[in-house]
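Residue numbers (mature numbering (1 follows the signal peptide of the UniProt record, and there is no 0)): -23 to -1, 1 to 191.
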């Protein structure tokens, strides 16, 4: 997932704020469910879907809103990331699990044909931990996304959540662009080697929950 090409354009809006904000999301015990498609909605014996992911437990109006995408084509190179719009988007990313891989359906060209793209946690050091899309030409090794259950005080929270490497908590980084408007960029918070990103005053933390509600 190549972000560095647009770094000069988005350096200000992608910057993490220096002040640490109080977390909105509850402390959960995240239980990894493996890499198969079985836990996702609509499992048919081999694959799962279609479904969407929604922002969850952020303590902001974005909760319950489906995700969208910001993606770019630079010659033969593709790159982009998943965003959580601050208001209900006109379209929401449709997802599926295929061959044990979480994917999103994207159309990156006007009049073009929509295709399924792998969803990953970025390995690009310019924006490590960002939730976005993996493409064959990616220079850095991305991290596969996995399903999780959540437990609070020993009680299971309804639904299936996504994360990677033992973490299912995302930083929702307040962002803006002329095309996408106001939105949150999603960065996985860290365990097992992930850095713990600083969350600013306009940012929050939360989860990503799988749902049929689209």
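Quick reminder that beta carbons are idealized off the backbone N, C-alpha and C, glycines included.
Between which two residues does the beta strand (DSSP E) carrying residue i extend?
| i | result |
| --- | --- |
| residue 99 | Element bounds for residue 99: n/a, residue is neither H nor E. |
| residue 78 | 78 to 83 |
| residue 129 | 123 to 129 |
| residue 140 | 132 to 140 |
| residue 27 | 25 to 33 |
| residue 75 | 72 to 75 |
| residue 9 | 6 to 9 |
| residue 117 | Unbroken run through residue 117: none, as it is neither H nor E. |
| residue 184 | 181 to 188 |
| residue 166 | That residue, residue 166, is in no beta strand (DSSP E); it is neither H nor E in DSSP. |
| residue 111 | 108 to 111 |
Going by CA-CA distance only, name the one from the options that's closest to residue i.
| i | options | result |
| --- | --- | --- |
| residue 193 | 132, 42, 143 | This structure cannot speak to residue 193, because the chain is shown only from -23 to 191. |
| residue 46 | 70, 164, 141, 187 | 70 |
| residue 22 | 82, 76, 36 | 76 |
| residue 57 | 79, 109, 64, 63 | 109 |
| residue 148 | 14, 16, 36, 12 | 36 |
| residue 19 | 74, 43, 10, 44 | 74 |
| residue 72 | 63, 83, 64 | 83 |
| residue 119 | 146, 189, 78 | 78 |
| residue 193 | 187, 97, 123, 98 | Limits of the chain in this structure are -23 at one end and 191 at the other, which puts residue 193 out of reach. |
| residue 14 | 32, 138, 163, 153 | 138 |
| residue 153 | 123, 136, 62, 176 | 62 |
| residue 66 | 30, 34, 93, 145 | 30 |
| residue 12 | 97, 177, 27 | 97 |
Please report how far the alpha carbon of residue i lies from the alpha carbon of residue j, in whole angstroms.
| i | j | result |
| --- | --- | --- |
| residue 2 | residue 59 | 20 Å |
| residue 185 | residue 127 | 11 Å |
| residue 8 | residue 125 | 5 Å |
| residue 161 | residue 39 | 9 Å |
| residue 4 | residue 182 | 11 Å |
| residue 16 | residue 130 | 22 Å |
| residue 68 | residue 6 | 32 Å |
| residue 132 | residue 151 | 31 Å |
| residue 159 | residue 179 | 12 Å |
| residue 102 | residue 117 | 8 Å |
| residue 43 | residue 189 | 11 Å |
| residue 167 | residue 123 | 15 Å |
| residue 10 | residue 93 | 23 Å |
| residue 34 | residue 177 | 17 Å |
Exposed or buried, residue i, counting other C-beta atoms within 10 Å across all chains shown (16 or more means buried)?
| i | result |
| --- | --- |
| residue 25 | buried |
| residue 91 | exposed |
| residue 208 | Past the boundaries of the shown model lies residue 208; the chain is included only from -23 to 191, so the question cannot be answered. |
| residue 106 | buried |
| residue 48 | buried |
| residue 99 | buried |
| residue 64 | exposed |
| residue 111 | buried |
| residue 140 | buried |
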